[in-house]
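Participant: Quick one: the structure is below, and I'll ask about it shortly.
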Amino acid sequence: MRQTSQMLGRAMSPAVRKLVRPVSLRVKLLVGFSVVFSLVFAGAFYWFYSYTTEKVVARLRADMRSTLIGALSGVNPDDLLGLYAEGERNAEGFSDDPRYLSQLAWFETVQNIEPRVWLYSYIIGNADTNRRVGLPAVGPGEREIIYLVDLWALNDPTKAAKFLESDHVGLLARRIEMQGGIQESDKIYTDRWGTWISAAAPLKSQRDDIILVVGLDIDAQYVRLLQQAIRNRMLFAFIITYAVFFVLIYMLSGILTRQLASLTQSAQQIASGDYSLDLSFAEKNPFPDEMTTLAEVFKSMVNSIRIREQMIREGKRTEDEIRLALKEERELSELKSRFVSMVSHELRTPLTVLRTSLELLERYGHVAPEEKREKYFQRSRAAITTMNQLIEDVLVSAKAEAGRLEFSPSWIDLKLFCRDVVEEMRMSIGSSHKIVLNCYGSCELVYLDPKLLRSILSNLISNAVKYSLAGGVVEFDLSCFDQVATFEIRDYGIGIPDEDQPRLFRLFHRASNVNAIRGTGLGLAIVYQCVLQHQGEIYFTSCEGVGTSFVVKLPLTLGSRTEQLSPESV
0 MRQTSQMLGR AMSPAVRKLV RPVSLRVKLL VGFSVVFSLV FAGAFYWFYS
50 YTTEKVVARL RADMRSTLIG ALSGVNPDDL LGLYAEGERN AEGFSDDPRY
100 LSQLAWFETV QNIEPRVWLY SYIIGNADTN RRVGLPAVGP GEREIIYLVD
150 LWALNDPTKA AKFLESDHVG LLARRIEMQG GIQESDKIYT DRWGTWISAA
200 APLKSQRDDI ILVVGLDIDA QYVRLLQQAI RNRMLFAFII TYAVFFVLIY
250 MLSGILTRQL ASLTQSAQQI ASGDYSLDLS FAEKNPFPDE MTTLAEVFKS
300 MVNSIRIREQ MIREGKRTED EIRLALKEER ELSELKSRFV SMVSHELRTP
350 LTVLRTSLEL LERYGHVAPE EKREKYFQRS RAAITTMNQL IEDVLVSAKA
400 EAGRLEFSPS WIDLKLFCRD VVEEMRMSIG SSHKIVLNCY GSCELVYLDP
450 KLLRSILSNL ISNAVKYSLA GGVVEFDLSC FDQVATFEIR DYGIGIPDED
500 QPRLFRLFHR ASNVNAIRGT GLGLAIVYQC VLQHQGEIYF TSCEGVGTSF
550 VVKLPLTLGS RTEQLSPESV
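Sequential numbering of the sequence shown, starting at 0, is according to numbering that gives the first Met the number 0.
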């Protein structure tokens with residue numbers, strides 16, 4: 000029975016804990032219909048839009064081509080060549096030459112027949128030999144075009160190409176030079192004058208091989224307007240059609256899924272422990288079906304499920320209590336083990352140094368030189384200082400964990416205080432590292448706890464030195480602005496791995512990349528508690544192999560207690 004209860008607990012507990020409201024079948028039907036309808040409608044729209052555009056553009060191209068062929072019949076290449084060789088530009092930038100006026104009149108006649116077209120003519124030649132007015136549009140030796148007659152001169156001279164004006168060789172002109180024959184633009188394009196499709200055809204004089212080109216632009220704005228009209232109409236049709244079909248599908252899906260929705264709600268109630276089911280639809284249904292049978296099965300399951308679930312809950316409660324107790328016991332045991340291991344390891348080295356120094360003094364002190372004896376005394380004092388600091392850290396940590404860490408602020412010269420701390424650190428580390436202190440703002444007189452502040456700074460600077468390569472630089476920036484003292488300590492050492500950063504302020508936790516570097520895992524936990532006593536905040540940024548920057552912000556005025564932080568949230 001116990002095994003069966005455990006199996007049922009494992010099967011049902013995740014469903015109870017992680018029950019997510021499912022998407023109803025009715026919604027799925029509506030979404031599926033919407034997607035299918037949208038795809039079908041989009042496909043129909045694309046086909047109709049493309050087909051209509053292609054037909055209109057094809058008709059426009061046919062009109063453009065036939066108009067261009069008709070226009071060519073009235074163009075005299077010899078007159079144009081003569082105009083190019085002998086014509087002069089007037090004050091407006093065009094020409095009063097009869098050949099120019101005759102050609103312009105012919106272009107106007109063509110436009111009267113087909114008002115959408117605009118004709119112009121030009122010559123393609125080498126920039127070094129072309130006749131032009133003004134500077135060339137291209138470099139020496141390159142091909143360029145020289146405009147002759149432009150129909151815009153009669154309607155809007157500001158849009159017209161000037162007589163003997165130079166320009167770059169366009170795509171159509173290049174095609175004419177390479178392939179000959181009538182050439183058309185591949186796509187409809189838009190410029191500042193409007194929307195167009197262009198075509199051009201070459202003409203050659205019997206006496207000369209200079210290529211003459213007659214170009215034609217036909218107004219294609221009608222195509223854009225037609226496309227916009229199609230889009231507007233199709234959008235309106237889509238909205239109306241979709242709304243009608245949506246209402247129909249919504250009503251039909253409601254009829255089909257009503258009983259299924261009732262069964263689904265009953266299943267959810269059972270899963271949450273509520274067995275007051277309403278399956279009256281099964282009794283009222285004059286034509287029993289699968290839904291009716293499923294409702295009867297639900298009723299028969301309720302009593303057995305209620306009993307089994309009660310048994311599962313009782314077993315689960317007992318299991319959770321045992322698991323919690325085991326977890327707490329395991330964490331306590333692990334904490335004790337780490338504490339004993341840390342203390343024994345950290346005390347062993349200074350004790351060894353102290354014992355060795357005392358033995359040497361005892362045996363050879365009477366014959367050793369004064370310098371040697373002083374060296375042994377210094378080692379002994381350093382070992383005693385190390386052990387004393389370790390004991391002090393353990394006591395501070397114990398007080399912080401017990402909530403008995405004293406906070407005794409007093410007025411101190413913060414700038415002088417930081418300099419003293421830095422000097423003490425410099426004396427303890429010697430010349431192995433360089434500590435740079437920078438002060439900004441007014442930091443002369445502040446109200447802080449000097450003992451806790453010394454713990455904060457000494458631990459952070461000590462860590463920066465400890466985890467940096469020999470000869471490295473540790474930067475210490477102090478700034479006081481807006482009643483907040485900011486301490487930033489940067490190093491360029493081994494950095495902190497990403498996976499260790501969330502647990503960095505926990506007791507006895509050390510990063511995984513410290514290798515053989517000595518440490519207790521108490522320093523940052525003590526720093527955190529000292530910052531908390533000041534109602535301040537601490538955060539850091541670190542990149543493995545690049546370095547670490549710790550920032551501590553302490554308020555310089557005592558205010559109400561702020562919400563306490565947890566080490567996991569830092």
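Beta carbons are placed, not taken as given, at the ideal position from N, Cα and C, and that holds for glycine.
1) Does the distance from the CB of I175 to the CB of E183 come in under 9 Å?
2) I'd like to confirm something about L503: is its beta-carbon nearer than 8 Å to some heavy atom of the ligand ATP, or not?
3) Using 9 Å as the threshold, is the C-beta distance between D499 and N512 below it?
4) Within 10 Å of its beta-carbon, does F480 have 16 or more other beta-carbons around it, so buried, or fewer, so exposed?
5) Can you tell me whether Q102 is buried or exposed, with buried defined as 16 or more other CB within 10 angstroms of its CB?
6) Taking the alpha helix (DSSP H) that D78 belongs to, which residues open and close that run?
7) By Cβ distance below 8 Å, which residues in the same chain neighbour A160 in space, the five residues on each side in sequence not counted?
8) Compare the C-alpha of A61 against each of S541, A198, R223 and name the closest.
9) From G31 to R230, what does the alpha carbon distance come to, in whole angstroms?
10) Pull up the CB-CB distance for I592 and L38, whole angstroms please, since I reckon it's below 8 Å.
11) Hey, is the stretch 36–55 in contact with the stretch 84–94, meaning 3+ C-beta pairs nearer than 8 Å?
12) Hey, quick one: how far does the alpha helix (DSSP H) through L38 stretch, first residue to last?
13) Tell me which same chain residues have a C-beta within less than 8 Å of the C-beta of S441, skipping the five on either side of it?
14) From G546 to D490, what does the alpha carbon distance come to, in whole angstroms?
15) Between the alpha carbons of G630 and K27, how many angstroms are there, rounded?
16) Taking only the alpha-carbon atoms, compute the straight-line gap between F549 and A463 and give it to the nearest angstrom.
17) Going by beta carbon distance, what residues of the same chain come within less than 6 Å of T556, once the five residues before and after it are set aside?
18) Check the DSSP bridge columns for I145 and list the partner residues they point to.
19) Can you have a look at V243 and say buried or exposed, based on whether 16 or more other CB atoms are within 10 angstroms of its CB?
20) Between the alpha carbons of P139 and R130, how many angstroms are there, rounded?
21) Go to T194, then tell me how far its beta strand (DSSP E) extends in each direction, as first and last residue.
22) Identify whether D497 lies in helix, strand or coil by the three-state DSSP scheme.
23) Helix, strand or coil for L211? Go by DSSP, reduced to three states.
24) I believe K465 touches I516 by the beta-carbon criterion, under 8 Å. Please report the beta-carbon distance rounded to the nearest angstrom.
25) Within 10 angstroms of the Cβ of A43, are there 16 or more other Cβ atoms? Answer buried if so, exposed if not.
26) What number of angstroms, rounded off, separates the C-alpha of G470 from the C-alpha of S431?
27) Assign E164 to one of two classes, buried (16 or more other C-beta atoms within 10 Å of its C-beta) or exposed (fewer than that).
28) What do you get for S356, buried or exposed, if any count of 16 or more other CB atoms within 10 angstroms of its CB means buried?
29) Give me whichever residues DSSP pairs with K552 in a beta bridge.
30) Have a look at V213, E295, V301, L259 and flag the residue whose alpha-carbon is nearest the alpha-carbon of S271.
31) What span of residues does the alpha helix (DSSP H) with N437 cover, start to end?
32) Helix, strand or coil: how does DSSP classify P566 here?
33) Near D448, which residues of its chain fall below 6 Å by C-beta distance, leaving aside the five closest residues on each side in sequence?
34) For F475, name the three-state secondary structure that DSSP assigns.
35) Given G535, which residues of its chain have a CB within under 7 Å of its CB, disregarding the five upstream and five downstream residues?
Facilitator: Inspection of the coordinates gives the following:
1) no
2) With respect to the ligand ATP, the structure offers nothing, as it holds no ligand at all.
3) yes
4) exposed
5) buried
6) 76–85
7) Y119, Y121, Y146, D149, W151, D166
8) A198
9) 24 Å
10) A question about residue 592 goes unanswered here, because the residues of the chain that appear run from 0 up to 569.
11) no
12) 24–71
13) C479
14) 5 Å
15) Within the shown structure, residues of the chain are numbered from 0 to 569, placing residue 630 beyond reach of any answer.
16) 9 Å
17) Q482
18) I122, S165
19) exposed
20) 14 Å
21) 193–203
22) helix
23) strand
24) 6 Å
25) exposed
26) 5 Å
27) buried
28) buried
29) T485, E536
30) V301
31) Element bounds for N437: not the alpha helix (DSSP H) but the beta strand (DSSP E), 433–440.
32) Confidence in P566 is poor, its pLDDT being 44 and thus under 50, which makes the residue's placement too unreliable to answer from.
33) F406, S407, P408
34) strand
35) V551, K552, L553, P554
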